[in-house]
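Okay, structure first, notes after.
Residue numbers (the numbering used here), protein chains in the order written: chain P, 3 to 219; chain F, 1046 to 1303.
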């Protein structure tokens, strides 16, 4: 039984990791674009972007999942289709939007915390804006955002379980299924171990990166 | 013809007029010191020369080449401004070294990038020149240290070497010792003095009066966004003619005695 459960949970865990990884792949760059929008000189860009960030950060991710999955159908557009693939994509869209907004605020904080003097030093040394960003600013920003980023990314590991609300197959759903089929609850509790090990590994990874970047201040 | 000619420079921030008709010339190989109380516009003037601020009007000419003309309504491109900046070097009060690079890397970064734009990077030559400059600053044994491992005086000397690495026509100092302990001030001033002896063209904004007098050929006293007095450094500082200059210098020497 234990081996059977473990195997089933591993399958669920794979889906969880997939949602996690794809969310990062899309949300990390999208967040950077959003952060530039929220720092734009032009109010017509800045305010709408800040408004969207407010909506996304101000409402539960679970609600966003439901609106994105069921919303289009209500107004007559069945964009997600019938199968499970549609659910997965809907969940991914919701996660990417939600996490991109959180990441954008972390980027913004990191970028704005770099002293103006760093930009000015680059300018008077005849560097282009692009060179200043790439060669001077970027690594300093990365160093500063690693701690809040690791926090957010570890939260994402556990937030993937929210996809359960639109019946996406993932770790929690895999554990839950044994309640219905075999009337046992321990597989559900067992899922906790998978989350723990995964977030533990991520914690180690971020500690390693932090240490790598500790050679400067 | 003077190396640098500054004519009728004016600059306001909102309603506050910070520079009101600034005029001065600087000859090649000479050093000019700019003194005056905080808020007199000294730093803004340096920032205008380095195109960190854009003057509202006036002209800035280097070697007969008009770099800035307030009457020219055309907006210069980022690339044009970048080219113009290269005439000037700038040493900041707060050093502004790049923390993720060693002393040597700080000096080599801009020349390497500049060489890349021209297509040919002779890294060995750039490194040799950077090491030479570090040696001149007395920091050879610090070349592999990161800024946070250096004292303020050492950081500022690296910053001077970094500015010199691009061989600017004119090196500007914005209160280079104001962020330093008195003990560390001397080592930075010695380096600048050495540059003056080598006939480096310099503009030095400073609160160190004795230094301003001894190192610079000319001195400018600024107050309220105007040049009140300018002339040979020794004369302006030892025998000021204007009432406002006398007042500033006597206040200054009084605080020095405290």
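Yeah, the Cβ is synthetic: ideal placement off N, Cα and C, and Gly gets one too.
Residue span of the beta strand (DSSP E) that contains residue i, given as start and end
i                      : result
residue 1058 (chain F) : 1049-1058
residue 1273 (chain F) : 1271-1277
residue 66 (chain P)   : Residue 66 (chain P) -> not in any beta strand (DSSP E); alpha helix (DSSP H) instead, spanning 63-76.
residue 1318 (chain F) : Given a span of 1046 to 1303 for chain F in the structure shown, any question on residue 1318 (chain F) remains unanswerable.
residue 1265 (chain F) : 1263-1268
Distance, residue j Cα to residue i Cα
i                      : j                      : result
residue 112 (chain P)  : residue 1172 (chain F) : 32 Å
residue 1285 (chain F) : residue 1105 (chain F) : 27 Å
residue 1097 (chain F) : residue 122 (chain P)  : 7 Å
residue 1101 (chain F) : residue 1270 (chain F) : 14 Å
residue 1234 (chain F) : residue 1221 (chain F) : 8 Å
residue 186 (chain P)  : residue 48 (chain P)   : 52 Å
residue 117 (chain P)  : residue 1153 (chain F) : 22 Å
residue 1090 (chain F) : residue 1267 (chain F) : 10 Å
residue 16 (chain P)   : residue 197 (chain P)  : 12 Å
residue 1304 (chain F) : residue 1059 (chain F) : In the structure as shown, chain F begins at 1046 and stops at 1303. Residue 1304 (chain F) is therefore absent and cannot be evaluated.
residue 205 (chain P)  : residue 1180 (chain F) : 44 Å
residue 1056 (chain F) : residue 1114 (chain F) : 13 Å
residue 1112 (chain F) : residue 1071 (chain F) : 15 Å
residue 1203 (chain F) : residue 1146 (chain F) : 12 Å
residue 1 (chain P)    : residue 105 (chain P)  : Summary: the structure shown does not reach residue 1 (chain P), with chain P confined to residues 3 through 219, and so no result is reported for it.
residue 1054 (chain F) : residue 1223 (chain F) : 26 Å
Rounded distance between the beta-carbons of residue j and residue i, thought under 8 Å
i                      : j                      : result
residue 39 (chain P)   : residue 172 (chain P)  : Residue 39 (chain P) to residue 172 (chain P), Cβ: 31 Å. No contact.
residue 1213 (chain F) : residue 142 (chain P)  : Not quite, the Cβ-Cβ distance comes to about 25 Å (not below 8 Å), so this is no contact.
residue 1094 (chain F) : residue 1133 (chain F) : 6 Å
residue 1292 (chain F) : residue 1219 (chain F) : Their Cβ separation, rounded to whole angstroms, is 24 Å, which puts residue 1292 (chain F) and residue 1219 (chain F) out of contact at 8 Å.
residue 129 (chain P)  : residue 1155 (chain F) : 6 Å
residue 10 (chain P)   : residue 176 (chain P)  : 5 Å
residue 1201 (chain F) : residue 1075 (chain F) : About 22 Å separates the two Cβ atoms, so there is no contact after all.
residue 102 (chain P)  : residue 12 (chain P)   : Incorrect: roughly 29 Å between the Cβ atoms, too far for contact.
Short Cβ contact (8 Å threshold) for residue i with residue j
i                      : j                      : result
residue 1272 (chain F) : residue 1067 (chain F) : yes
residue 1178 (chain F) : residue 1188 (chain F) : no
residue 181 (chain P)  : residue 195 (chain P)  : no
residue 1197 (chain F) : residue 1229 (chain F) : yes
residue 1215 (chain F) : residue 1247 (chain F) : yes
residue 25 (chain P)   : residue 158 (chain P)  : yes
residue 1192 (chain F) : residue 1142 (chain F) : yes
Where the alpha helix (DSSP H) through residue i begins and ends
i                      : result
residue 1287 (chain F) : Element bounds for residue 1287 (chain F): n/a, residue is neither H nor E.
residue 10 (chain P)   : 4-40
residue 1258 (chain F) : 1254-1260
residue 54 (chain P)   : 45-60
residue 1249 (chain F) : Segment 1247-1250 is the beta strand (DSSP E) holding residue 1249 (chain F); no alpha helix (DSSP H) there.
residue 146 (chain P)  : 140-161
residue 95 (chain P)   : 86-114
residue 123 (chain P)  : 118-126
residue 1241 (chain F) : 1227-1242
residue 176 (chain P)  : 173-184
residue 1220 (chain F) : No alpha helix (DSSP H) holds residue 1220 (chain F); DSSP gives it neither H nor E.
residue 1139 (chain F) : Neither: residue 1139 (chain F) is in no alpha helix (DSSP H) and is coded neither H nor E.
residue 135 (chain P)  : Unbroken run through residue 135 (chain P): none, as it is neither H nor E.
Closer than 7 Å: residue i CB and nearest the ligand HEM heavy atom
i                    : result
residue 29 (chain P) : Inclusion of the ligand HEM in the displayed structure is not the case, the ligand content being empty and no account of it being possible.
Can you list the beta strand (DSSP E) stretches of 3 or more residues lying completely in the stretch 1147-1214 of chain F, in chain order? Qualifying beta strand (DSSP E) stretches: none in this window.
Would you mind listing the alpha helix (DSSP H) stretches within the stretch 1063-1127 of chain F that are 4+ residues and don't spill past its ends, in chain order? Within the stretch 1063-1127 of chain F, the complete alpha helix (DSSP H) segments at least 4 residues long are 1087-1094, listed from N- to C-terminus.
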